[in-house]
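Peer 1: Attaching a single structure in structure tokens format; questions to follow.
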Ligand code: PMP
């Protein structure tokens with residue numbers, strides 16, 4: 015007898031599910047994939063960073079023993095320095111299954127030991143809601159982020175929502191290159207936000223999936239975390255090395271928890287206990303690549319170079335897309351294409367325009383109008399702009 019009829023088919027993932035639909039589209043020569051946030055060269059190809067290639071060759075003879083539950087020590091130390099600078103005494107770090115695993119592990123811990131509501135930006139990476147719910151935050155609350163009318167940050171409403179949150183709430187913040195909007199706070203706005211967090215004892219949980227990708231400068235991108243840290247707000251960070259190292263499938267990430275020295279053993283102990291039951295211990299290979307690169311001055315320099323290559327290409331492509339759209343359309347303001355930063359462009363297209371682009375023009379972007387700029391290149395930018403113009407007219 016059928017056992018699973020009560021289960022029902024869930025909706026496909028709004029990001030990875032769309033990638034599957036794209037692959038099935040038979041218009042192979044003209045279809046354009048702007049769905050998943052993975053870097054592509056101007057030829058539309060994935061890019062293995064030169065430093066990653068060298069590190070990989072050095073590691074070919076490494077063994078395949080288990081790592082400790084909290085990961086590779088050389089890796090956790092190196093990733094701490096990226097986030098905290100030199101002041102790492104109060105950091106508890108666990109290597110995680112990339113950024114997704116870091117968000118999950120932190121929320122599992124917080125659900126168990128910190129009785130407080132969770133706030134997500136009203137518009138955010140769709141998986142944040144899935145992770146929160148599966149970690150036991152049945153109904154995550156949201157705070158205002160984007161002003162839909164202007165596609166700019168609605169900072170006043172964001173402050174008002176967080177001011178109205180119960181004291182001690184957990185608040186997820188995108189460190190830089192906000193996904194999907196590409197709209198970040200300015201430094202003076204981060205200062206104002208930090209004061210609000212201090213006044214209300216909010217717990218800042220930074221999601222760092224794009225460090226180095228926003229400006230190409232690691233210290234500049236890490237600034238909001240360091241500012242909150244220096245103000246004594248004990249921020250946590252969920253770190254991904256998928257994008258900035260191009261190590262998507264290797265699942266390299268970390269959770270940093272800022273705690274008092276006397277709290278370290280308890281917090282680390284329970285994070286390890288949760289990890290042990292969920293996946294036992296993290297994969298070694300990607301973490302070895304990252305720590306090899308971060309600890310070797312030449313490879314480190316090469317990595318910084320690659321961050322610039324990637325962020326510069328995306329920056330230039332934004333300019334190109336904007337000028338093609340300005341040529342192809344009348345009475346439309348495309349300023350936001352170049353004012354947004356990071357991998358994504360939030361076009362402001364409506365869902366019905368997005369669906370028309372998909373069906374009639376074989377252009378694939380998320381239903382919310384998010385475009386992965388990495389998918390745009392000198393070959394497809396003109397047909398892309400023409401297709402967008404066609405659904406707008
Ligand atoms: N947070 C945000 C905001 C993201 O965009 C992503 C990747 N799309 C992640 C976390 C996690 O990605 P990963 O698990 O591949 O590190």
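Numbering (the UniProt record's numbering), first residue to last: 15 to 407.
Backbone N, C-alpha and C define an ideal beta-carbon position, used for all residues, glycine too.
Please read all numbers here as calculations on a predicted model, not as lab measurements.
1) Please report how far the alpha carbon of residue 324 lies from the alpha carbon of residue 224, in whole angstroms.
2) Counting C-beta neighbours from all protein chains within 10 Å, is the total for residue 305 16 or more, i.e. buried, or is it exposed?
3) Three Cβ pairs or more, each shorter than 8 Å: is that satisfied between the segment 291 to 307 and the segment 84 to 92?
4) Does the segment 274 to 284 come within contact of the segment 226 to 237, defined as at least 3 CB pairs closer than 8 Å?
5) In angstroms with no decimal places, state the Cα-to-Cα distance between residue 68 and residue 129.
6) At a cut-off of 8 Å, would you count residue 51 as near the ligand PMP, judging by its Cβ distance to the nearest heavy atom?
7) In the DSSP assignment, the beta strand (DSSP E) including residue 188 goes from what residue to what residue?
8) Would you grab the beta carbon distance between residue 356 and residue 251 for me? Rounded to a whole angstrom, and I think it's under 8 Å.
9) Quick one: measure Cβ to Cβ for residue 333 and residue 352, integer angstroms, because I've assumed they're closer than 8 Å.
10) Helix, strand or coil: which one does DSSP assign to residue 328?
11) Expressed to the nearest angstrom, what Euclidean distance is found between the alpha-carbon atoms of residue 96 and residue 232?
12) With a threshold of 16 other CB atoms inside 10 Å of the CB of residue 320, please say whether the residue is buried or exposed.
13) What is the residue span of the beta strand (DSSP E) that residue 285 lies within?
14) Regarding residue 267 and the ligand PMP, is the C-beta to nearest heavy atom distance less than 8 Å?
15) Contact defined as beta carbons within less than 8 Å: I believe residue 6 pairs with residue 119. What is the distance between those atoms, to the nearest angstrom?
16) Should residue 389 and residue 265 be called a contact, given that it needs their Cβ atoms to be closer than 9 Å?
17) Applying the 10 Å Cβ sphere with the 16-neighbour rule, what's the burial state of residue 272?
18) Residue 252: beta carbon under 8 Å from a heavy atom of the ligand PMP?
Peer 2: With the structure as the only source:
1) For the purposes of this step, residue 324 is identified with residue 310 of the chain shown, where counting begins at 1. For the purposes of this step, residue 224 is identified with residue 210 of the chain shown, where counting begins at 1. Computed Cα separation, rounded: 11 Å.
2) Within the chain shown, the letter at position 291 stands for residue 305. So residue 305 ends up on the buried side.
3) The segment 291 to 307, when compared against the segment 84 to 92, does touch it at the 8 Å Cβ threshold.
4) No, because fewer than three Cβ pairs between the segment 274 to 284 and the segment 226 to 237 fall closer than 8 Å, the two stretches do not touch.
5) As a working note, residue 68 is residue 54 in the chain shown. As a working note, residue 129 is residue 115 in the chain shown. Residue 68 and residue 129 have their C-alpha atoms roughly 46 Å apart.
6) Along the chain shown, read from residue 1 onward, the residue named residue 51 stands at position 37. Relative to the non-hydrogen atoms of the ligand PMP, the Cβ of residue 51 comes within a distance shorter than 8 Å of at least one.
7) Within the chain shown, the letter at position 174 stands for residue 188. Run containing residue 188: 184 to 188, per the beta strand (DSSP E) assignment.
8) Your numbering for residue 356 matches position 342 in the chain shown. Your numbering for residue 251 matches position 237 in the chain shown. About 17 Å separates the two Cβ atoms, so there is no contact after all.
9) Here residue 333 corresponds to residue number 319 of the chain shown, with the count starting at 1. Here residue 352 corresponds to residue number 338 of the chain shown, with the count starting at 1. About 6 Å separates the beta carbon of residue 333 from that of residue 352, a gap short enough to meet the 8 Å contact definition.
10) As a first step, residue 328 is located in the chain shown; it is residue number 314 there, counting from the start. Shown here, residue 328 sits in a helix according to DSSP, grouped into three states.
11) In the chain shown, residue 96 corresponds to position 82, counting from 1. In the chain shown, residue 232 corresponds to position 218, counting from 1. Using only the alpha carbons, I get a separation of about 8 Å.
12) As a first step, residue 320 is located in the chain shown; it is residue number 306 there, counting from the start. With a threshold of 16 other beta carbon atoms within 10 Å, residue 320 meets it and is buried.
13) Residue mapping note: residue 285 aligns to position 271 of the chain shown, counting from 1. Boundaries for residue 285: no beta strand (DSSP E) harbours it, while the alpha helix (DSSP H) harbouring it runs 278 to 292, taken from the DSSP string.
14) Position 253 of the chain shown, counted from the first residue, corresponds to residue 267. Yes, the ligand PMP has a heavy atom inside 8 Å of this Cβ.
15) This structure cannot speak to residue 6, because the chain is shown only from 15 to 407.
16) In the chain shown, the residue the question calls residue 389 occupies position 375. In the chain shown, the residue the question calls residue 265 occupies position 251. Inclusion of residue 389 and residue 265 in the CB contact set at 9 Å is not warranted, their separation being larger than that value.
17) For the purposes of this step, residue 272 is identified with residue 258 of the chain shown, where counting begins at 1. Classification for residue 272: buried.
18) As a working note, residue 252 is residue 238 in the chain shown. For the ligand PMP, at least one heavy atom lies less than 8 Å from the Cβ of residue 252.
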